[in-house]
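*Asks:* Chains as they are written, first to last, in the numbering used here: chain W, 53 to 364; chain C, 53 to 364; chain B, 53 to 364; chain F, 53 to 364; chain L, 53 to 364; chain P, 53 to 364. Where is the CB? At the ideal position from N, CA and C, for every residue including glycine.
#1: As a quick exercise: from P:350, P:316, P:341, pick the residue whose alpha carbon is nearest that of residue 332 of chain P.
#2: Less than 8 Å between CB atoms is the rule here; does residue 200 of chain F satisfy it with respect to chain B?
#3: Would residue 248 of chain W be called buried (16 or more neighbouring beta carbons within 10 Å of its own) or exposed?
#4: Report back the beta-carbon spacing between residue 116 of chain P and residue 156 of chain F to the nearest angstrom; my notes put them in contact at under 8 Å.
#5: Put residue 247 of chain P into one of helix, strand or coil per three-state DSSP.
#6: Could you tell me if the beta carbon of residue 71 of chain B falls within a distance shorter than 7 Å of some heavy atom in the ligand FMN?
#7: What number of angstroms, rounded off, separates the C-alpha of residue 204 of chain F from the C-alpha of residue 273 of chain F?
#8: Is any beta-carbon of chain F found at less than 8 Å from that of residue 75 of chain C?
#9: Does residue 57 of chain W come out as helix, strand or coil in the three-state DSSP assignment?
#10: I'd like the list of long-range same chain contacts for residue 281 of chain F, defined as Cβ closer than 8 Å, with 5 residues on each side in sequence excluded.
#11: What are the start and end residues of the beta strand (DSSP E) that includes residue 276 of chain F?
#12: 8 Å is my cut-off, CB to CB: does residue 89 of chain P come that close to chain L?
#13: May I have the straight-line CA-CA distance separating residue 94 of chain C from residue 216 of chain C, to the nearest angstrom?
#14: Assign residue 352 of chain B to one of two classes, buried (16 or more other C-beta atoms within 10 Å of its C-beta) or exposed (fewer than that).
#15: If contacts are defined as beta-carbon pairs under 8 Å, then residue 300 of chain B and residue 269 of chain B qualify, I think. What distance do you get, rounded to the angstrom?
#16: Of all Cβ atoms in chain C, is any one closer than 8 Å to the Cβ of residue 122 of chain L?
#17: To the nearest angstrom, how far is the alpha carbon of residue 254 of chain F from that of residue 251 of chain C?
#18: Please list the partners that residue 112 of chain B has in chain C, where partner means a Cβ-to-Cβ separation under 9 Å.
#19: For residue 210 of chain P, count the other beta carbons within 10 Å of its own beta carbon; 16 or more makes it buried, fewer makes it exposed. Which is it?
#20: If you measure between the beta carbons of residue 186 of chain L and residue 59 of chain L, is that distance less than 8 Å?
#21: Residue 133 of chain B to residue 223 of chain C, Cα distance in whole Å?
#22: In or out: residue 10 of chain F buried (at least 16 other Cβ within 10 Å) or exposed?
#23: CB-CB under 7 Å to residue 178 of chain P, same chain, minus the five flanking residues each way: which ones, in chain order?
#24: Report yes if the C-beta distance between residue 277 of chain P and residue 344 of chain P is below 8 Å; otherwise report no.
#25: Listed from N- to C-terminal order along the chain, which residues in the stretch 281-307 of chain P have their beta-carbon within a distance smaller than 7 Å of any beta-carbon of chain B?
#26: State whether the stretch 161-174 of chain B contacts the stretch 105-116 of chain B, with contact taken as three or more CB pairs (one from each stretch) at a distance under 8 Å.
#27: Pull up the distance between the alpha-carbon of residue 173 of chain W and that of residue 202 of chain W, whole angstroms please.
#28: On the three-state DSSP scale, how would you describe residue 349 of chain L?
#29: Going by DSSP, which residues form a beta bridge with residue 75 of chain F?
#30: Under 8 Å: do the stretch 78-88 of chain B and the stretch 71-85 of chain C share three or more Cβ pairs, one atom per stretch?
#31: Look at the alpha carbon of residue 225 of chain L and the alpha carbon of residue 191 of chain L, and state the distance between them as a whole number of angstroms.
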């Protein structure tokens, strides 16, 4: 099994139960969240040795996050703790169509955003890791987070570790220009870039995966659309996505990354990696919360085409 | 923004959570309800000055209703309070197809049904209002409610106020003959009549909006079918309705009226009013409870065709 | 085991969960209720053959009540069903001291209150029953209920059946004068009368059990105070009540009646009946809802003085 | 109305609320379950006199099951009680597609599985019953349960009672060979056999109802596929099934059996029985839990094609 | 009835249900909070015209707060709205003894703390108000909040309005020195100062109300201890507090202020004001959440010594 | 910090919410449980390196337990997994007095009870551990569990590791004679024995700690009564216990053991260990569920006598 390190902020997601409105909520469901934490959880549940690097406030909310990571088998030895600061939050209304699911972010001034990049000894953290993963959210959080992201990718590249980056553009966090610039600063250090068509358009005004790959000069681009995913590298693979009504639409992209990286870092080919990622993503959409609480047997069953409504 | 007065009974809706059966319920979700209250809530949330005229029992349930109205910005100064009497209730099982959602009414002997029409000084209540709205439920509740409805419509007409009436036939409340007679008694006072094809058939044995409009001699008829809405007046406008699986099917007609009236009374044309009403109705169907707890930005986004599954 | 018939109205109790306020409730817990139904449930759970005579509306709420009675082993063959009418409701806020638990009744116009006494063939219903029990709530509901109560007691007396009556004065239902008059009309037919000191004061301005017994000329009076219960008949027995903080204060009197009657009708002496009733009452206070959902083993354990905090 | 006896184990189903994962559950919804109990509940709710024969542990869980049966009008006089033993459980994750709903059984060593067939006096239990129903789960539970099943069917046949058997193969309970053998041991005693295409394939490697009927030599086979049900006997009837998204996919087969048997045993023809069963099954799929908590009026409305989204 | 203006921040309180731990919470109960908002709610519910002055973010959480204020009859016309900024939060674990209830604040960088004092036109806001109330939390939030507090008190004093100030020291918000300094800057403008013995000790190292009153030179000091409250002004009144186990210990001080001010501003004497405040405080302790959701009748009943466990 | 190994079975506790009855439960709260797991959780939360040795079924319930252990920082590398078998369950009704909290066990045939002692290489598992802890439940589960317990204690003793044993007699699991015999078989290997007065009486008919210590010849006996705890060894220490109403009475003994062992193994004296254990136990009683989800700061605050009702 592969050893993978991810780096990013954790948040608490707070959502009204039963698809109710935030404005009328009398209680909120609590879900640990954070793109890179979700990827680490997915990898650990698939059997990889996943380490999540982050910074948390030393209070009950920080401990709730750590408990979630550990419960799912993620190594948290490289999480640092701060006496001050806060845990980022976001309030999500999961909506039925035609209303959109919306996120109200309250993540400014978080402990993570104010981390000191100098305190992260990346060669030591990475050790003999096989892979390093980060999303574009991390460098978007602050200058120091951008710095730490770059340090990490350089160290990973230096140690021969596979590097991946999920664009994950958040317009409520940063401008398209900044997001594009921070990606371009590190794109030369990447083995795989994950990007949605929408982000490609907003950041680079490009619609085609080939054009984007050329523009960025990245080794492999995985272009993740709602109807299909296309991996463009030395070869090109396309994977059509079946459509299901999601129970919870958040975290599917992270689940895909976890599945893709798991298969890839354990020796699978590109097609298998797309399929594995897709299975993880499809399963995640049936699970409440942000994290891909999937069991490997379920991925196998889905890939094998098991379609019984009830298994017993 | 327009000033609008609505007049009608409030009830408490009690529904088993999670689409369970009433017969096995151990708890019931509580939702403030009432057609004209819903319209007032919709208007107030869209920014209009909405006044809801009603009568409530002076107890915790009456206060629960008032708190709901006020929380949503509805003016309640013209709600009168009774030491006796009860608040009407209705028990709703929201069902998945092919089972129908059903309503078990327990609204007899309510404080509202026994109001004294002489106590309502409509010219004073209406003041400089731009619109007055009522549904056919109000006159169906009792002779005195029918009297008060007629008084209100006459006063509204006298003050030059726009008048609207939503047929809203409830076969568990009154006979088709009574409902038709009470409508015909006031139809000459109306600017707009809202009616569903099913009610047209049950009350007047008519299937076509034009025929119904002629029969009633109403200025404008908005014929609200499940697949399309047709406004028939000096001109005719048709609006096709997209179909979504409703989260909660109750209150969509009231939401439509609120949206239609909002647009109309603030100067929108007929097409815009149908679209606005449709957007309100479609959004309501995604919201648990009877009231259209919608924000104007959501209407704008939906009308602009925003279709992202997640906005962040 | 004894065969006992009780006669009275059922209601649904609706209470905000977690000791919240009715006015802010978003959901309400649902509990089947009704004094004589509670007594029947208690008796059936203790092993007696309990029949509950009543009238219910033929709808989901009526069926919910019947399901509750049957689930607890109560015979419902003598419940009649009405196409019209409603089930009585009451809204209860269970409060912590110093705030009082309060009941908001909404039981007017119920199916039960409008029953036709002529339809109840008491000799047939009673058959070979050993006991008949009713509370003062039943005759307070309507003239026809008072009539049926008297019919039932006469028939019970004629058949040699033990008769009992729990005063249960409800000032929100009737005046003290009416309650006193309806009791006095039947007191000569009673074997046992249950009365609280407070009701004795309000109905008869009497504070002492002996004085009340004399005034009413009843065979046996069980005077149920908060600190002690005193049975006054040919002999007098006093039973001190230990004090516990109740989890749910409603239904304790009914539980007492069930326990007292169970012991008495199965041959226990007066002291044993008071103890058994007290145990039932004390256990009920630890159980949410109105019904004494007690198991005979628990009564035995409590009477035997078992005081382990945890049994395992 | 018909008198029907069913024979089988009850279990408690425990399911995470809101389609959550078992692994992250903090609470579990509790549903009484058991194929033959479900059939009895369905029959009793339709107005038949249904008796359920079983064995339960004398503890709170056993009593919970009995209360459920009685609440729904099922006769439990022939349930025997054991001081030892346990109630079987199963943990169900109801999932949205493409994830399958899964059942984790924990029913070994149950009180029922260890019953003594000699204690069941079938001629006395059956009395003048019109029908006897069992599923293949019962004989699969243990040798003694298989023995008792055979005894029951012989006695039923001897008394001229209609006999039915639902294959209900559970691969987590027994092998296809054992299931086939236990069915073949009694198939000559059956009037109707219910079987799914999947079970036909797994037990007998047959895909066609005619072939299966011939192979087993059964009088009537009802072949219950996802898209259609086919009754093959002296005549053949086919009934297409409309497709709806189930709220809870468990118990639909039992609901079908109840509806089919109800119609059949009360004199309906084969087509009516298939339709009635289908209506029961379709309604069950809209109801949370295993039991068909349906009212006869709902079956009538559905068969009459009522399709209003809201009835009021 | 009096017209009263209060000024302060609103927050959302998030608490695990059922006295669970934050660290293991899967859902959080949501309660609108804020000391001066609580006072305004209390006053409005008692019948006074209460205006709450504040600043909220223009998002769902801000609207949730406004809805709460309006539902309780509080005037919100002087709440200003910000496109940016966040609503303060605090996470509360309500604990049973011997564990303390704890608050984890997350209120930094709130919209309120960054308000611009120049935008508040206090003479216009106060108009003909009879009273103005603020707590020490407001000036502790930021320099600009301290400025606005002083402006408000000066304007109130200039308009002849009664002024009150509740010390409410929060050690997690500011130092004792700063809290003392900000109080001393305005103490000359106050009619009434509310202070707990603990705050007196931490801010001024004083234990006796007389000493504190002298030190601060305040007209009237209400010294609010756990066992008694002492009002020291021209005369001294002492009020012993009965002890009850609180259901929710937060907000009792605000409820006291509301009751005290209500009685005082409507002409009650000092003793009556202490009693009224105590009743409000005692009732609040029985109500979940921060706000004193009390009805005037309950205060009357409690002051009259009503002690029935159940009222019906 | 100390390294401690515990050995025992995990179960799932299922409890009706809100102190309801199991018999009427519609949902059950889920709590990971098991005496030695609780001790490990307590130690890990206090900062010790706690390893829990056990055996779990490879299914969702087994994984739920492992997630709980890991979330709390317990090392689970020595948990073995079984394809077969079941997780033990117990159903708990937490009751208010005078009703006792009761446990209905359903733990027979568990994966743990059928473990193979030969597969546990205790010298390797213990490594350089400082302490080993087990309760009397483990040897009571089966012959093989008794064997493994003895092996573990011998190995621990051989490696110079501190050994402790909590009697924890469960009369629903084994007889007093067996429990006594299994304890006597290993008592010579123990450093500390924890025993309640009730267990002393039932197993050895002894009431006094000194007598029990002599009879068993154990080095140190900690005698844990409801009103005081007495440690009897070379010296004697007595610690009076303050009384609080427990929120959840289960797991307090395990919390005490964790606190006592933590202090003892980290060098504290006997008095400090009793105090630390008491603080852990008192805090546990305020926390729902079986596990002592306590933070070291809370223990410090309680030992320092912090008694504020609210800390903020």
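*Replies:* Reading off the structure:
#1: The shortest C-alpha separation from residue 332 of chain P is found at P:350.
#2: Under the Cβ criterion of 8 Å, residue 200 of chain F is not counted among the residues facing chain B.
#3: By the neighbour-count criterion, in which a residue is buried when 16 or more other Cβ atoms sit within 10 angstroms of its Cβ, residue 248 of chain W is buried.
#4: For residue 116 of chain P against residue 156 of chain F, the beta-carbon gap comes to about 11 Å, at or over 8 Å, which does not count as contact.
#5: Here residue 247 of chain P sits in strand by DSSP.
#6: Among the components of this structure there are no ligands whatsoever, and the ligand FMN is therefore not found.
#7: Rounded to the nearest angstrom, the two C-alpha atoms are 20 Å apart.
#8: Yes, residue 75 of chain C counts as interfacial toward chain F.
#9: In this structure, residue 57 of chain W counts as strand in the three-state DSSP scheme.
#10: For residue 281 of chain F, where only same-chain residues beyond five positions count, the Cβ hits under 8 Å are 274, 275, 290, 291, 293, 308, 326, 329, 330.
#11: Where residue 276 of chain F is concerned, the enclosing beta strand (DSSP E) stretches over 272-276.
#12: Judged by the 8 Å Cβ criterion, residue 89 of chain P is not in contact with chain L.
#13: Per the coordinates, the alpha-carbon of residue 94 of chain C lies some 15 Å from the alpha-carbon of residue 216 of chain C.
#14: Taking a 10 Å sphere around the C-beta of residue 352 of chain B, we find fewer than 16 other C-beta atoms and assign the residue as exposed.
#15: Between residue 269 of chain B and residue 300 of chain B the Cβ distance is about 36 Å, and since that is not below 8 Å, they are no contact.
#16: So, interface residue.
#17: In a straight line, the C-alpha of residue 254 of chain F is about 53 Å away from that of residue 251 of chain C.
#18: What residue 112 of chain B touches in chain C: 73, 74, 75, 77, 143, 145, 154, 156.
#19: Here residue 210 of chain P is exposed. Its C-beta has fewer than 16 other C-beta atoms within 10 Å.
#20: In contact: residue 186 of chain L and residue 59 of chain L (Cβ atoms closer than 8 Å).
#21: C-alpha separation (whole angstroms): 22 Å.
#22: Nothing about residue 10 of chain F can be reported from this structure: the residues present for chain F run from 53 to 364 only.
#23: If you ignore the 5 residues before and after residue 178 of chain P, its C-beta comes within less than 7 Å of the C-beta of 57, 184, 207, 208, 211, 213, all in its own chain and listed in chain order.
#24: Taking 8 Å as the Cβ cut-off, residue 277 of chain P and residue 344 of chain P do not qualify as a contacting pair.
#25: From the stretch 281-307 of chain P, only 301, 302 have a Cβ closer than 7 Å to chain B.
#26: Below 8 Å, enough C-beta pairs join the stretch 161-174 of chain B and the stretch 105-116 of chain B to call them touching: three or more.
#27: Rounded to the nearest angstrom, the two C-alpha atoms are 13 Å apart.
#28: DSSP places residue 349 of chain L in the helix class (H, G or I) of the three-state scheme.
#29: Per the DSSP secondary-structure output, residue 75 of chain F pairs with nothing in a beta bridge.
#30: Yes: the two stretches touch, three or more of their Cβ pairs being nearer than 8 Å.
#31: Roughly 11 Å separates the two Cα atoms.
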